[in-house]
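See structure below.
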Amino acid sequence: MKSRQTGRGKKTNGRGASRRGGGASSAGLKAPKAVPEGEQPVAATPDSRPPQAPAEGNRFPIVGVGASAGGLEAFTQLLAHLPNDLGMAYVFVQHLDPNRESLLQEILARATSMPVREALNGMKVEPNSVYLMPAKHGIELADGTLKLV
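Each number in our numbering comes from the position in the sequence shown (counting from 1) with 29 added on.
Structure, rendered in structure tokens:
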């Protein structure tokens, strides 16, 4: 693509839009690189430090992820790209039809090597595990324990 000099010393891309070298934004931040056409962006990979599971009794992060209808694809993609040994627990909350049997547990278990469990009342949350809110219930988390409501 040809660029041309404007009257103010700026270069344009030939379509009237100004172009800056280095991809810097007006705030001095670098703009993200464009994803080539036909490719999907993927999550950044974690650094190369070896993952460490928390020692017994230590706290660990618990990540809550919620979705409505259509969330299955997002859940599946997230699990497919998450390392299974980050030392975190994941609680997935999705609206489910209470009149139909859910296959969510089986489907998500195919996307990860972490255990995927339907939450039970009083269940202790463990790192490197996925918990699903069952149909006909809400879910709460207190002191590392799941409570169905």
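Virtual Cβ for every residue (Gly too), placed ideally from N, Cα, C.
- Per DSSP, the beta bridge partners of T174 are K153 and A171.
- Between L161 and the set L107, V120, I91 and I136, the nearest pair of CA atoms involves V120.
- P90 counts as exposed, since fewer than 16 other C-beta atoms from the protein chains shown sit within 10 angstroms of its C-beta.
- Membership of E147 in the beta strand (DSSP E) is indicated by the continuous run V145 to E147.
- Residue burial annotation: L149 is exposed, with fewer than 16 other C-beta atoms found within 10 angstroms of its C-beta.
- Counting along the chain, L107 sits inside no beta strand (DSSP E); it lies in the alpha helix (DSSP H) bounded by residues G100 to H110.
- The beta-carbon distance between L108 and Q123, rounded to whole angstroms, is 13 Å. This is too long to meet the 8 Å contact definition.
- Cβ contact annotation for D172 (same chain, cutoff 7 Å, sequence separation greater than five): none.
- The three-state secondary structure of L161, taken from DSSP, is strand.
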